[in-house]
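Numbering (the numbering used here), first residue to last: 466 to 601.
Here the structure is laid out as structure tokens; the discussion comes afterwards.
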């Protein structure tokens with residue numbers, strides 16, 4: 466038979482009242498090692514990775530640009546070639562990132578070049594959509 470020790474007078478063990486012998490001593494942390502100083506979170510790591518520089522060849526010339534810039538250039542090239550997912554991604558990024566006053570076209574006139582670019586892009590998207598429909 467186990468002999469049950471009676472609790473000391475004045476302190477009752479129970480909910481939110483651990484036994485005195487298992488409580489942290491004054492000045493002692495519950496996680497003494499904790500997170501090491503200088504440890505980086507995911508957003509910091511991602512920002513550092515995007516700012517790293519890579520060497521690319523553009524128009525036959527070697528350039529060093531950030532990975533972020535390289536990704537945007539790649540996405541833009543796909544969108545221009547008619548990739549609708551890439552175009553949608555770029556447009557969504559534009560709408561989220563560019564302030565409203567820069568997007569506002571009220572009072573501005575489109576030049577013939579602007580209109581031609583939009584028409585060419587529209588025609589390319591329609592052509593691609595039609596080709597996909599024929600392929601099904």
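Quick reminder that beta carbons are idealized off the backbone N, C-alpha and C, glycines included.
Residue pairing for residue 539: DSSP places it in no beta bridge. In terms of CA proximity to residue 558, 541 leads the group 541, 545, 506 and 485. Scanning its chain for C-beta atoms nearer than 8 Å, with the 5 sequence neighbours on each side dropped, one finds around residue 520 the residues 527, 528 and 529, in chain order. Residue 515 sits close to residue 533, with the two beta carbons spaced by under 8 Å.
By the neighbour-count criterion, in which 16 or more other beta carbons inside 10 Å mark a residue as buried, residue 552 falls on the buried side. Less than 8 Å divides the Cβ of residue 544 from the Cβ of residue 555. Following the DSSP letters along the chain, one finds residue 478 in no beta strand (DSSP E), marked with neither H nor E. Judged by beta-carbon spacing, residue 485 lies within the 8 Å limit of residue 476, meaning their Cβ atoms are closer than that value. Minimum Cα-Cα distance from residue 548 among the listed residues 487, 587, 497 and 479 corresponds to 587. The continuous beta strand (DSSP E) containing residue 531 extends over residues 526 to 531.
In this structure, residue 531 sits near residue 517, with a CB-CB distance shorter than 8 Å. In the structure shown, residue 514 adopts helical secondary structure according to DSSP, grouped into three states.
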